[in-house]
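Chains as they are written, first to last, in the numbering used here: chain D, 15 to 680; chain P, 15 to 680.
Here a beta-carbon is modelled for each residue, glycine too, at the ideal position from N, C-alpha and C.
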C-alpha cells in the first residue's frame, strides 16, 4: 500500500509538467506549487520514517537517501526563488524540474532502475574513450573533406556552398554517422566525380558500421560483466546463508545430513503458503534416492528450487458435471467435448480468423460486411462458450493461461463496443468516431490470436512476454532521460515554433509562426507540430530524435546553431548509450530465454514431475513457467554458459581444479 | 603462385561487368566474350587438374566442385544463347552474370567465405520464422492503420490520400521499420490528433526496436553456435591427432612421457624455420619442472603453443656503431639517443602534429601557410632520421611495427608529392588538382599518428587492425551479394534514369531524363546519379540502400511499384541478415580481443619469457602478438567463456564431473 502511495506521489510530481508553463493544460502557479509542495512533504515524511527505522549510520551512508534530501532541498529552494522572481516580475526558470525524475531512481523500490544506472556508470569510462577516438576519426575525415571538396566550388541542393566551413562539415558528417542525411550529403561530390563516393563509402564503413558496432560491443560487454558480478555476489551470499543453515540443521557424524522432518519444518517456515504436494515434490527432487535425508549439496539447492515457479492445478470436476451429471455425461455432450478438444477445432477457428481478416480489410460501410461482422462475433462467442463447456472454468481462466484471458477480454469488449455502436447508430442520436475506433482496434486485435496456433510463433511471443517486465525497466530509464531532456528543451526552445491546425486561416501556418522558417524543409515537410511547446509534444519530438531519421532537419531549422549541442548530447546519451544497452539486454535475455535449454535444476524437477505422475493424484503440475522473479532470470542469464555456479560452490568441493586442461607454469 | 592466378582470373571475370552492356567503358561483345571464355577455360583447367590429384569419389562428393562444373556449363550455355540471339537481332539477357560471384565462393581458397555462407544458411530457418512473425505484426498494424486513419480524409504532404490503400500502408510501415520515412509518415495523423502518435510509438517500439533486436539476437546466437561447433570439431581433430602422436612417441611404463630429444626432432620436422631459442622456450614452457620429459597433457598443447605468434628479435648493434664507433659512442651522440628515447620527444611531436592540424585547416593559398608546410615536413623527416639514428633500422622496420611503417610511408610520400607539386607549380607547365588532392590526403593522414601516443586509443586501434583481416571476409560476402543484386538491377532498371552533368544545357536534366520523374522528390534532391546504368553506379546505389536512409525515395520514383520487391528483398538479405552477422562478428571478435584477458597458455608463455630473461641473451622476445591465423583467433573466440577445451580433453581426465554443482536426478 505505502509503496503504491510513493509511486502515486512521484507520478503526480512528474505529471505536474503537464500543467506548468509551458503547459498543455495551464493551471495557475499557486496550484501547481501547492501540489508540488504536498509531494515534497510526502517524500520528506517517508524519508523521516525510514530514518527512524534504519540505524543512523546506515541511513547516512546510503547515497540514495542523501540524494533524496538534496533533491527535496533544491526543489524547495527553486520554488521559493521562482515565486519571489515571479512576484517581482522578473524572468525565472524552473530548473529544479530536471531533478524530479531522479526521485524515481532513488526511491527504495527502484532497485532495477538503479542497477541499470550503475551499469551505465560503470561502462562510461570505456564508452568515453571510444567516443573520443570516434570523434577524432570524424574530425580527421572532416578535415580531409574540407581539403578535398572545399575548393571545388560545389553547391548543395539549396544552393549553399558545399563543405567550406569546418564546423559545418563536422556536424554534417556526425549526422551521416546516424545515416540521417544519407545520401543527400554525398550527392554534390558524387555528381562532381564518382571517385568521391569512395570517401563516403570509407567514412560509412569505418564510422557508421565499425565504430557503432564497437560501441555496441563495449556496452554489451560492460553490461554483462557488471550484472554478472552483481548476480555472482547475490548467489554467493545466498549459498553462504544456505551453508550456514545446513550447519545449524545437520545431523549425523561422518557425512552430515538434514532429515526430512527438519527440512519440512524449514520449508513451511520459509514459504507458509506452499501446498503439501508441492513441498513433497521438492523433497522428492532433493532426495532422489529416497533415503529420508539429504546431504549438503542437495540442501543448498533449496533456495533455487523454491524459486522455480511450479503451477499447481487442482484437477477439479466441471461444475456442470456436479450440477447436471446426467446431461453432461450424455453421448451428445461427450461428442461436443471431444470436438472442442480436437485439433481440427483450432484449425477451423484459425481459418475463420483469416476469413475475418479479409472482411475487416473490406469497406465496413457495405451492409454485407457489417452484417458479416455480427456473424463472426457470434462465432467467437460460441467458441468461448464451447470451451467453457468443455474445460473447467477455473482451469480455463488460470493465471498463466494468457491467451484464454486475451481472447475472452477482446471478444467481450468487442461485443460490448459493437452493441453500443449499433445502438447509437440505430437511434441516430450520436455517432461517435471514438467508439468506432475502439471497435476497429478490437476487431484487428482479435486476429493476433492466430499466432498462438503456430508452435514456433508461440515460442517467440512467449519469450517476448516473459522478458516484457524486464523491458519495463528500460521504459523507466527512458522516461527519466526523456523527462530531463524535455524539461531542458522546453526551457530553451518553447514557443519558437507554432502549430496551426489545418483549417486555420492564419498565413503564419505556412512557416510555423516563425519567419525564420519561411521556405525551409522544416516548414515544407509540415513539421510544425514537432516542437517543445508542451511536455507531450516534447516527448514525441524526443522519440523522433531517438529514431534518428530526419533529426538534422528537425533541428536545423528550429533555432540557433548552438542548439545542435543539445541534440548531439541527446543522441549520445539516448541512441549510443541507452539504446545500445537496450539491444544488449534483448540480445542476452532473448538468447537465454528462447534458445538456451532449461538448466539442470529445472530439468530434474520436470523429470520428477513425470516420474511421480501417479503419486500426485489430485494435483496437476503444469510444465514449469520459468523463474518468477527478476533476480531469478538474471541469475539464470549469467549461470548458463559460464561456470558461475561452479565457482560459487568451489569452497565445498576441491577436486574441480582438474577440469581446467591448460597447465599453469607454477 | 597458382592461387594468385585463380584469384586474378576470378577478378577479371567479375570485372567484365565494367565493359559489358550497360557498360562504364563499352567494349564490343566479341571482346568481352573472348575474355570470359579464357577465364572459363582457366577454371575448367584448374578443376581438371584438381580432379586428377584427388580420388574420383572424393572429388564428386564435394559440392563445390559440382557447383563450379554447373556454373561453367551455364555460363557457356548463356554465352552461346546470347550470341545467337544478338546475331539474329533479338532481345537477349546475360542472366549467367549472376552466377559469376559464386565462383569466388566455390574456389578452394574461399574457405572463410564458405564458412560465412554456411553460417547464414544454418541461421536461415530461425530467421525466417522470426521474419514471418515480424511481417504478421506489420500486416496487423497496417490493417489497424487502414481502419483508424483511412476514413479520416487525411492528406500527405504531396496531397495524396493518406493511408487508404492497404498495400501502400504495408509498404510505408515496412519503410518505417527501417526508420527511413520517420517522422514524415506520422505527421498527417499526428497533426490531426496527438493520440495517433501513440500508434506510431507502439509500432516503433515493437517492430523497429524489439523485433530488430531479436533479429540480431537470433543471428548472433546462430552465428556463434555454428562457428563454435566447427571450431570444436577442429580442436577435437587436432587433439586426437596429438594424442595419436603421443602414443607413437611415448616412452616409459607407468606414466608414459615423451623425451626432449623426440620432442625436438618433432618440432624441427613440423616447423623447420623455428629458431633454436624459440624451440627452447617452448620446451621450457612445456616442461616447467625441468624433468627432461613431458607428459601427455603438456605434449598435446604443442600445436597451440606453435600457434602463438612469438616475435623473435635479434638485438643487433646499430650499423653506425659498427662503422663509426668513435662518433656513435661520443657524448653528443649518446645525448641525442637519450633525447629520442625520452617520453618528452613523443609529446613534443604530438604537440607539433596538433599545431600542424591547425595549419592544415587554414587556407593553403596563404604564403605563410604553404611555407609552414615545408617547415613541418622538415620536422617530420628529421624525426624519422633521428629515430633511425637511435634505433637499429632492421628492428625499427620489423614486420609488426605497424606505426613505424605507417609514419615512414606517409612522410616519404608526402615529401615526394609536395616536391612534385612544387615543381609543377614553379614551371607553370601543368597544375594538377589530382596531385594536390594526394598531397592533402597525405597531410591529413599524418595526423592519425597522434592516436598512437594515447595508450587506450592504441589498444582499440590495435584490436581493430587485428580483426581487420577477418572483416575482409565480410567484404567478400558483401561483394558477392552486391554483384548479384547489381546484375539483376542493371537488367531490370538500366537506362530508366539519366544523369546529366551540371553544365549540360539539356532541359531533361531537371527530371533525370525521365518524364515520369518531373517534380518528384527524386529529381528535386538531385538523385539522378543514383541509377543502375553501369556497375559502379549500381554498387554506390546499393551501398546507399544498405545505409537505408531515403531508400524509399530512391526507389519510389524510379520505376514500377513492383520494383519494391527488389528493394525489400535487398533489405532483408543485406540489412537484416548480413549486416546483423557483421555486427555479431564485431561484437564477438572485439569483446574477445580487446576485453577478455589472454588465455592461460599465452600467460604461461609470457611468464616463461620473463623468467628466462637472462638465459635467452642474444634474442629478444617481444610481447605476444596474438594468434597468427584466422583459425587461431576463431579457436580463441570460442575457447574463452566456455568449457570447450575442457570438454575436448574430457576423455583423458575423468575427475572433472565434480565441478558441476547441480545434481542429476539419475
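query                                                                                                                                                                                                           : result
Judging by CA-CA distance, which residue of 517/P, 457/P, 552/P, 541/P is the nearest neighbour of residue 504/P?                                                                                               : 552/P
Can the beta-carbon of residue 400/D be found less than 8 angstroms from the beta-carbon of residue 354/D?                                                                                                      : yes
Given this structure, state the Cα-to-Cα distance separating residue 146/P from residue 585/D, to the nearest angstrom.                                                                                         : 32 angstroms
Report the option in 358/D, 374/D, 481/D whose CA atom is closest to the CA atom of residue 451/D.                                                                                                              : 374/D
Is it right to say residue 602/D is buried, meaning 16 or more other beta carbons lie within 10 angstroms of its own, or is it exposed?                                                                         : buried
In the DSSP assignment, find the alpha helix (DSSP H) that holds residue 252/D and state where it starts and stops.                                                                                             : 226-263
So, for residue 134/D: in the same chain, excluding its five sequence neighbours on each side, which residues have a beta-carbon less than 8 angstroms away from its beta-carbon?                               : 591, 592, 595
Does the separation of the CB atoms of residue 302/D and residue 274/D fall below 8 angstroms?                                                                                                                  : no
With 8 angstroms as the limit, tell me which residues of the segment 169-182 of chain P have their beta carbon closer than that to any beta carbon of chain D; keep them in chain order.                        : 171, 180
Rank 205/D, 94/D, 310/D, 174/D by C-alpha distance to the C-alpha of residue 44/D and give the top, closest one.                                                                                                : 94/D
Would you report the Cα separation of residue 407/P and residue 332/P, rounded to the nearest angstrom?                                                                                                         : 8 angstroms
Please go through the segment 104-172 of chain P and give each complete alpha helix (DSSP H) segment of 4 or more residues, from N-terminal end onward.                                                         : 114-120, 125-163
Beta carbons nearer than 7 angstroms to chain P: which residues of the segment 197-208 of chain D have them?                                                                                                    : 197, 198, 201, 204, 205, 208
At 4 residues or longer, what runs of the alpha helix (DSSP H) sit wholly inside the segment 353-409 of chain P?                                                                                                : 357-375, 381-404
Within 10 angstroms of its Cβ, does residue 139/D collect 16 or more other Cβ (buried), or is it exposed?                                                                                                       : exposed
Please identify the residue among 259/P, 409/P, 209/P whose C-alpha is closest to the C-alpha of residue 309/P.                                                                                                 : 259/P
Roughly how many angstroms lie between the CA atoms of residue 633/D and residue 208/P, to the nearest whole one?                                                                                               : Note that residue 633/D scores 40 on pLDDT, short of 50, meaning its location in the model is unreliable; the coordinates nonetheless yield the value given after this. Between residue 633/D and residue 208/P, the C-alpha separation is close to 51 angstroms.
Inspect the beta-carbon positions of residue 281/D and residue 293/D and report whether they are closer than 8 angstroms.                                                                                       : yes
Please name the residue or residues paired with residue 175/D in a DSSP beta bridge.                                                                                                                            : 169/D
Of the residues 359/P, 334/P, 17/P, which one's Cα is nearest the Cα of residue 347/P?                                                                                                                          : 334/P
Roughly how many angstroms separate the alpha carbons of residue 129/P and residue 494/P, rounded to a whole number?                                                                                            : 14 angstroms
Nearest to residue 318/P by alpha carbon, out of 305/P, 297/P, 605/P, 516/P?                                                                                                                                    : 297/P
Tell me whether the segment 170-187 of chain P and the segment 196-205 of chain P touch, counting them as touching only if at least three CB pairs, one residue from each stretch, are closer than 8 angstroms. : yes
Alpha carbon to alpha carbon, how far is residue 34/D from residue 46/D? Give it in angstroms, no decimals.                                                                                                     : 7 angstroms
Give a yes or no on whether the minimum CB-CB distance between residue 363/D and chain P is below 8 angstroms.                                                                                                  : no
What separation, rounded to the nearest whole angstrom, lies between the Cα atoms of residue 312/D and residue 366/D?                                                                                           : 52 angstroms
Which partner residues of residue 308/D appear in the DSSP bridge assignment?                                                                                                                                   : 272/D
Measuring alpha carbon to alpha carbon, tell me which residue in 161/D, 30/D, 136/D is nearest residue 372/P.                                                                                                   : 161/D
So what's residue 266/D in DSSP terms, helix, strand or just coil?                                                                                                                                              : coil
Who are the near neighbours of residue 376/P in its chain, counting only those whose CB is closer than 6 angstroms to its CB and skipping five residues on each side?                                           : 383
Do residue 563/D and residue 194/P come within 8 angstroms of each other at the CB atom, strictly closer than that value?                                                                                       : yes
Along chain D, which residues have their Cβ under 7 angstroms away from the Cβ of residue 320/P?                                                                                                                : In chain order: nothing, as chain D lies at least about 15 angstroms away.
Name the residues in the segment 514-525 of chain D whose C-beta lies less than 8 angstroms from a C-beta of chain P; which are they?                                                                           : 515, 516
So, residue 478/D versus residue 224/P, is the Cβ gap smaller than 8 angstroms?                                                                                                                                 : yes
Kindly say whether residue 345/P, judged by its beta-carbon, lies nearer than 8 angstroms to any beta-carbon of chain D.                                                                                        : no
Return no unless some Cβ of chain P is closer than 8 angstroms to the Cβ of residue 558/D.                                                                                                                      : yes
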